[in-house]
Structures are given as C-alpha cells and as structure tokens.
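Those sequence lines, one after another, are chains A and B. Counting in my numbering, the first sequence runs from 956 upward without gaps. Counting in my numbering, the second sequence runs from 111 upward without gaps. No residue lacks a Cβ here, since even glycine has one placed at the ideal position from N, Cα and C. The structure presented is a predicted model; accordingly, all values stated were derived computationally and were not measured.
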Amino acid sequence: GEDVEQSLFLSVREGDSSVINCTYTDSSSTYLYWYKQEPGAGLQLLTYIFSNMDMKQDQRLTVLLNKKDKHLSLRIADTQTGDSAIYFCAEREYNQGGKLIFGQGTELSVKP
Amino acid sequence: DAGVIQSPRHEVTEMGQEVTLRCKLISGHNSLFWYRQTMMRGLELLIYFNNNVPIDDSGMPEDRFSAKMPNASFSTLKIQPSEPRDSAVYFCASSSGGIGEQYFGPGTRLTVT
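See the structure below:
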C-alpha cells in the first residue's frame, strides 16, 4: 500500500538551515503537504505543493519535489529555537476522498 | 472562525468505562477525520466522513470503537468498553475539499487506567 517515510530526528544549530526529507510511494499523489506539531498541540499546516510543481518558496520555507524519485524536502532557512517541533509530510491519495497518508514525523531540535 | 473544537481536552477513566470524544468541524467544511496518536504507532487514521457519510473505517481498531456524525458540523467517537491500550491523543480534523488540506483540533488526551 501507499507509504510515506521520514527520518525520525534532526538536530541543528540556531541560525543554520534545516532540511527535512520525505519519500513516498504513491505515484498518483496530487498534493503533498508539510505539517508542524508543537508539544501538546494538533498538527498545523505549514505549506503544500501540487504534484506538477518542482519548488515552492514561502518566506523561510522552501519545498522541493522530485517526482521521479518520489522525494519531498522542506528547507527551513535561519532556523530558530521556536522551530523546534515535529514535522510531518503527507500525501493526498488520488480519488480517495481527501484521505491523507502521513509519515511518522521528524523531530527537529534547534540548539542555541 | 474558532477552528476545529474538541472536547474534552483531557479524559481519565477506568478500564471498562464508556468514553465519548466530541468534535466540532470548521463551518463550511464537509469532511471529518478521526486520528489517534501514540509514541509506538505514530499518527493513525481511524475513520473519515464526507458529507456525513462514513467513507473508510478500516482504521477503527475493533468493535469497541464507533463514530457518528449526527449533523454536518459535529462528530463523536465512542469507545465502549475502554481499555488501557486505548490511551492516546485523539485528534479530529476537518477539510473543505479543494487542495485537501486538513485542519486539526487540539486533541483529546485519553488515559485509561
């Protein structure tokens, strides 16, 4: 079945760039998403990319999509301690009524 | 809009008791998703509805779990009887279609002793 994989942990220094990677298996994905979860809170949509795009930039966030390799990445520029959270990538299954398949989440730790 | 509203935020109950979790969708949204999150299993989709109709309940663990949408803006997830292994954070999320983004509630932390 469809699967989304992420590495579990990433640690960076404040001010550095963070790159969180994700791979997926469903070649018919229409949209791919990045969500952020802070402790004790629900998931919050950060950004999304349509499957016919290669890149999307939104302030400090850059999303890169390599459809051939089924690889998605989220780059956070000038990472701050407030960016410490768990980041989930997700894909929307084609013709599945809006169901999203989530990865297991990457815990980003930003050290001062 | 207040966003997706869940109640209660925390629930502590004894094994065998019935638990009801509640969710209010964002106004105008027509899809509703129930998730469960634990350290061991991560985020799991339990069931989702489109226009009040259950579409996929394959993630519901067993018959002890049931979910309903009595109207277009409200849903309940019931566990009867509850067991310690049901302890988790339960999220609901709603969506209006379009690009398919889901908006999550703050979650209900359930502890079954």
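Drop a sphere of 10 angstroms on the beta-carbon of Thr1061 (chain A), count the other beta-carbons inside from all chains shown, and report buried for 16 or more, exposed for fewer.
Your numbering for residue 1061 (chain A) matches position 106 in the first sequence. With 16 or more neighbouring CB atoms inside 10 Å of its own CB, Thr1061 (chain A) falls in the buried class.
Is there a C-beta anywhere in chain A that falls below 9 Å from the one on Asp167 (chain B)?
Your numbering for residue 167 (chain B) matches position 57 in the second sequence. Not an interface residue.
If you draw a straight line from the alpha carbon of Asn181 (chain B) to that of Asn161 (chain B), how long is it in whole angstroms?
Counting from one through the second sequence, the residue named residue 181 (chain B) turns up at place 71. Counting from one through the second sequence, the residue named residue 161 (chain B) turns up at place 51. Cα-Cα distance, rounded: 9 Å.
Taking the beta carbon of Tyr238 (chain B) as the centre, do at least 16 other beta carbons fall within 10 Å, making it buried, or is it exposed?
Nothing can be reported for residue 238 (chain B), as the shown portion of chain B is limited to 111 through 223.
What residue from A:Arg1015, A:Ser1039, A:Phe1043 has the CA that sits closest to Ile1031 (chain A)'s CA?
Taking the first residue of the first sequence as position 1, residue 1031 (chain A) is located at position 76. Checked all of A:Arg1015, A:Ser1039, A:Phe1043; the closest Cα to Ile1031 (chain A) is A:Arg1015.
When DSSP labels each residue in this structure, what does Gly997 (chain A) get in the three-state scheme?
Here residue 997 (chain A) corresponds to residue number 42 of the first sequence, with the count starting at 1. Reduced to three states, the DSSP call for Gly997 (chain A) is coil.
Nearest chain A C-beta to Phe184 (chain B) closer than 9 Å, yes or no?
Residue numbering aside, residue 184 (chain B) sits at position 74 when the second sequence is read from its first letter. Under the 9 Å criterion on CB atoms, Phe184 (chain B) is classed as non-interfacial with respect to chain A.
Spell out whether any CB of chain A is found under 9 Å from the CB atom of Phe209 (chain B).
Stepping through the second sequence from its first residue, residue 209 (chain B) is reached at position 99. The identity of residue 209 (chain B) in the sequence shown is Ile, whereas the question assumes Phe. Taking 9 Å as the CB threshold, Ile209 (chain B) lines the interface with chain A.
So, with DSSP's three-state summary, where would you put Arg195 (chain B)?
Taking the first residue of the second sequence as 1, we reach residue 195 (chain B) at position 85. The DSSP-derived three-state label of Arg195 (chain B) is helix.
Among B:His120, B:Thr221, B:Asn140, nearest to Ser197 (chain B) - alpha-carbon criterion:
Residue 197 (chain B) sits at position 87 when you count from the first residue of the second sequence. Comparing alpha carbon positions, the residue from B:His120, B:Thr221, B:Asn140 closest to Ser197 (chain B) is B:Thr221.
Mind listing which residues of the region 996 to 1022 of chain A have their C-beta closer than 9 Å to chain D's C-betas, in chain order?
No chain D is present in this structure, whose protein chains are A and B.
Drop a sphere of 10 angstroms on the beta-carbon of Ala112 (chain B), count the other beta-carbons inside from all chains shown, and report buried for 16 or more, exposed for fewer.
In the second sequence, the residue the question calls residue 112 (chain B) occupies position 2. Exposed.
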